[in-house]
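For the sequence shown, the UniProt record's numbering assigns the number 1 to the initial residue and increments by one for each residue that follows. Ideal Cβ positions, reconstructed from N, Cα and C, are used throughout, including at glycine. Please read the structure below before turning to the comments.
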Amino acid sequence: MAKDYSRLAEQIVQCVGGKENIKSLIHCMTRLRFQLQDTEKVDTGKLQQTEGVIKLMISGEQYQVVIGTHVDEVMAAIEKVTGVSYGGKIDAVEPEDVKKGWKERLSPKNIVNVFIDTVAGIFLPLMGAMMGASLLKAVAIMCSTFGWLSPDNTTYTILYAIGDGFFYFMPIFLAFTAAKKFDAERFVAVAIAAAMVYPDLTALYSSGAETQFLGIPVVLISYTSSVLPIIAAVYAQSKLEKVLKKIFPKMIRSIFVPVLTLLIIVPVSLIVIGPVTDVIGSGIGNGLGWLVETVPAVAGFALGVLWPILIIFGFHWGLVPVVMNNITVYGGDMLLPCTVGTNFAMAGAALGIWLKTKKTSVKSAALPAAVSALVGGVTEPAIYGLNLKYKRPFFIACLCTGVGGIFVGMSGVMFPSVMTTCILTLPALIGLGGASVAIASAVGFFGSAVLTYLFGFNDSMVKEEE
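Right, here's the structure in full:
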C-alpha cells in the first residue's frame with residue numbers, strides 16, 4: 001500500500017509560506033526545488049525539523065528541500081494539497097527576477113550563484129536521459145572491447161545508437177532546457193540547434209571546405225555533442241527576442257520575431273558564438289587536462305577530496321559544461337573518473353555508522369542510506385542525513401575518495417560519457433576504466449566503512465532528541 005504523504009506535504013507548504021508564496025516548484029531525484037515570492041515568510045527552522053525532511057539547502061534564490069528517493073510522491077501530494085500543477089516550471093532564478101542594482105548583481109557571490117543556478121537549471125532536467133544513455137553507451141563499448149559484439153554487427157550498431165543518440169543531438173536537448181531557463185521561445189531555440197547540427201553543415205566541417213555566409217568567412221566547428229555554443233546562442237536569442245517584441249506589434253509579432261530571430265542568431269552563432277565558445281571550452285579543458293597529465297596523483301587526489309564538498313554546495317554543476325566539452329573534443333573526460341569513489345565512500349561511511357551505533361533511530365536511517373548510495377547512486381540521505389551531520393564520517397569519505405582518485409588519475413582513465421556510479425553500473429565502469437576504477441571504488445567503500453567504524457563515529461555524537 002502506498003504511503004500517504006499528505007501530512008508532510010501540508011507541513012512543507014506551510015513552512016515555505018503557503019501556496020501563494022510558491023512561485024515555481026520542480027523536483028529532481030531527491031529534492032524539491034522551490035522558487036518563492038518572499039523568502040522572509042519561510043520558517044527554515046521548522047522546515048528543517050519536519051519529520052520526512054532530510055535537509056534544507058539554499059542555493060542562490062532557490063530553496064531545496066531534500067526528501068529522498070520518494071520525492072516524486074511528495075511532489076504529487078503537494079500538488080494535491082495546493083490544487084496546483086507545478087511540473088515544468090522554471091526551477092531557478094528567472095530573468096525578470098534579476099532586476100536588482102548593478103552592485104548587487106555583479107557581486108562575486110551573486111555571479112557564482114547565478115552561474116551555478118543556470119547550469120543546474122539547464123542540465124538537471126536532462127540527467128535521467130543522460131544517465132540512461134550513458135550506461136547503454138558504456139555497455140556497447142564494453143561489448144566491443146571484450147569482443148562480445150563486433151562493431152560491424154547490426155545489434156551493436158543499434159545498441160550504440162541508443163546510447164550515443166542523446167549525446168550526438170545534445171544541442172537540441174540543451175536548446176529546449178536553456179530556452180526554458182532564459183525565457184526564450186523554446187521551439188525557435190530547438191530550430192537554431194537543429195540548424196547547427198544539420199548534416200550538410202557537419203559534412204562541410206568534416207571535409208574542411210572553405211565556408212562563407214554572404215561573403216563572411218565561417219569557421220565551422222563540430223556542433224554535434226557540443227554544449228557551450230548552443231547555450232550561448234539561446235542566451236543571445238532570449239535577448240534578441242525581447243528587443244524584437246518591442247519593435248513589432250502583437251498582430252504580426254508571431255511571424256516576424258521567429259523569422260528574424262532564426263535569420264540573425266543562426267549565422268551569428270556559426271560566425272562568432274560557436275568559434276568563441278569553442279576556444280573558451282577547449283582552453284579550460286586543455287588546462288585541466290594538462291594538470292591531470294602533469295601531476296596526475298595530485299590532481300586525482302584533489303578532485304576526489306573536493307568533489308563531495310562541491311556537491312553539497314551545488315558547485316559541481318559548474319564543471320558539467322567542461323566535462324561535456326572534454327567528451328566532445330577528446331572523445332572522453334579525464335576529470336569525473338577521479339571522483340568515481342564518491343558514492344561508494346558515502347555508502348561506506350553510512351555503513352560504518354550502522355555497524356557502530358547502538359541507537360535504533362540511527363540504525364534505521366543508516367542502512368537505507370547506505371543501500372540508496374550503493375545500489376542507486378543516490379547519496380543525499382547518506383550525506384545530509386548522516387555523514388555531514390556527524391562531520392567526521394563525511395570528511396573520512398572525502399579522504400577515501402581522494403585516495404581512490406590518485407589511482408584513477410595516475411592510470412589516465414577517460415570516460416566517453418557521463419556515468420552514474422553505483423554497484424549496478426560498476427561492471428561497466430570497470431570495463432571502461434580497468435583496475436584503477438575497481439581500486440578507487442573499493443577504497444572508497446571499504447576504507448570509509450572501516451575508518452568510520454574505528455574513528456569516525458560513536459553514539460556520544462547523537463543528540464538526545466534523536
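Hey, could you find the ends of the alpha helix (DSSP H) S417 is sitting in?
Here S417 belongs to no alpha helix (DSSP H), and DSSP marks it neither H nor E.
For V418 versus G300, is the C-beta distance shorter than 8 Å?
no
Could you check which residue in V322, I406 and I312 has the C-alpha nearest to that of G283?
V322
With the cut-off set at 8 Å, would you say G287 and T339 are in Cβ contact?
no
Backbone secondary structure at D333 - three-state DSSP
strand
By how many angstroms is the C-alpha of A77 removed from the C-alpha of Y160?
39 Å
Excluding the 5 residues flanking N326 on each side, which residues of the same chain have their C-beta closer than 6 Å to its C-beta?
G285 and D333
Over the uninterrupted alpha helix (DSSP H) stretch that includes I141, give me the two end residues.
M127 to T145
For I192, name the three-state secondary structure that DSSP assigns.
helix
F344 lies in the alpha helix (DSSP H); which residues open and close that run?
T342 to K356
Which of helix, strand or coil does DSSP assign to S24?
strand
Within the same chain, show all residues whose beta-carbon is closer than 7 Å to that of F445, passing over the 5 residues directly before and after it, in chain order.
F344, A345, A347 and G348
Checking 8 Å against the spacing of the C-beta atoms, do A175 and V257 come in under that value?
no
Looking at C-alpha atoms only, which residue of P249, L126 and V219 is the closest neighbour of V227?
L126
Cβ-based burial, T261 [other Cβ within 10 Å; buried from 16]:
buried
Let me check one thing: in DSSP terms, what residues is P217 bridge-paired to?
Q212
Going by beta carbon distance, what residues of the same chain come within less than 6 Å of W307, once the five residues before and after it are set aside?
T339 and T342
Per DSSP, what kind of secondary structure is F407 in: helix, strand or coil?
helix
Beta-carbon contacts of P231 that lie in its chain and below 7 Å, excluding the five residues immediately before and after:
What sits at residue 231 in the sequence shown is Ile, not Pro. Counting only Cβ-Cβ distances below 7 Å, and skipping sequence neighbours, we find I122, L174 and A178.
Quick one: give me the first and last residue of the beta strand (DSSP E) that V65 is part of.
Q62 to V66
Alpha carbon of Y330 to alpha carbon of Q37, nearest angstrom
44 Å
I'd like to know whether the C-beta atoms of K137 and D164 end up nearer to each other than 8 Å.
yes
Does the stretch 397-408 come into contact with the stretch 355-375, if we say contact requires no fewer than three beta-carbon pairs (one atom in each stretch) closer than 8 Å?
no
Tell me whether the beta-carbon of S269 lies closer than 8 Å to the beta-carbon of A184.
no
Could you give the C-beta distance for G274 and Y223, rounded to a whole number, given that I count them as a contact under 8 Å?
7 Å
Span of the beta strand (DSSP E) holding Q35?
R31 to L36
Got a sec, what are the start and stop residues for the alpha helix (DSSP H) residue 479 sits in?
An answer regarding residue 479 cannot be provided, because it is not within the stretch 1 to 466 covered by the chain.
Would you decide whether W102 is buried or exposed? Buried here means 16 or more other CB atoms lie within 10 Å of its CB.
Low confidence applies to W102: its pLDDT is 42, below 50, so where it sits in the model is not reliable, and the reading given next is rough at best. Its Cβ having fewer than 16 others within 10 Å, W102 is exposed.
Report yes if the C-beta distance between T30 and V74 is below 8 Å; otherwise report no.
no
Any idea what DSSP makes of S59, helix, strand or coil?
strand
At least 3 beta-carbon pairs within less than 8 Å: the stretch 192-202 vs the stretch 212-223
yes
If you measure between the beta carbons of L141 and P416, is that distance less than 8 Å?
The sequence shown places Ile at residue 141, rather than the Leu named in the question. Result yes, Cβ atoms of I141 and P416 sit closer than 8 Å.
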